[in-house]
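As C-alpha cells, the structure follows; a few thoughts come after it.
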Amino acid sequence: MKAYLLIIFLIFQISFGQERVITGKVLGDDLLPLPGVAITYNFKGTMTDINGYFELKIPNNLEQIKLAFLGCYDEYVSISTDCNYYGIILQTSSTYCFVTPQKANRLEKRHRKKVSKLYKEAYDKKLFGEKKSCR
Numbered sequence: 010m011k012a013y014l015l016i017i018f019l020i021f022q023i024s025f026g027q028e029r030v031i032t033g034k035v036l037g038d039d040l041l042p043l044p045g046v047a048i049t050y051n052f053k054g055t056m057t058d059i060n061g062y063f064e065l066k067i068p069n070n071l072e073q074i075k076l077a078f079l080g081c082y083d084e085y086v087s088i089s090t091d092c093n094y095y096g097i098i099l100q101t102s103s104t105y106c107f108v109t110p111q112k113a114n115r116l117e118k119r120h121r122k123k124v125s126k127l128y129k130e131a132y133d134k135k136l137f138g139e140k141k142s143c144r
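According to this note's numbering, the sequence shown is numbered sequentially starting from 10.
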C-alpha cells in the first residue's frame, strides 16, 4: 500500500511540478540595453542585468509575463511552450501636455507604430544576439 502511495505522489510531482527557464534581452526604443527591467508573473520574477539580459524560471503552463520599467509602457509578453528566448523592446511612455485628448491619442498611436520598424532594425543589427527570438 505504501508503494502505491509513493508512486501516486511521484506521478503527481512529475506532472504538476514541471518548470522551465526562459531567457532573453530587453532593449529600449533607442535600441540600447535596459538594465533593471522588472520581469514578473504571479508576484515572482527577476530583473535584467547591466546588458539587458534576463533568465527566469517559470511553470510550463504560464501564458504571459509582464515587463515594467520606469518611464516605459508596461509590456505583456505571451509565452509559447516551444520557445525559450525572447527579444523585447520597451517603448518610452509620453506625456502630452496642453493638447486635446484626440491629438494625444494620435501622437501615441504614431509613437507605437514605430515598434515593428524597431524590431526589424534590432534583428538586422543582431542586437538580440545570434539566438532566434520568439517575438
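Note that CB positions come from ideal geometry on N, CA and C, so glycine has one too.
Here DSSP, grouped into helix, strand and coil, assigns Leu36 to strand.
Separation of Ala113 and Tyr95 (C-alpha to C-alpha, rounded to the nearest whole angstrom) is 31 Å. Per the C-alpha coordinates, the member of Lys118, Val108, Asp58 and Thr90 positioned closest to Ser102 is Lys118.
Per DSSP, reduced to three states, the secondary structure at Val124 is helical.
Leu36 is positioned such that its CB atom lies closer than 8 Å to that of Gly61.
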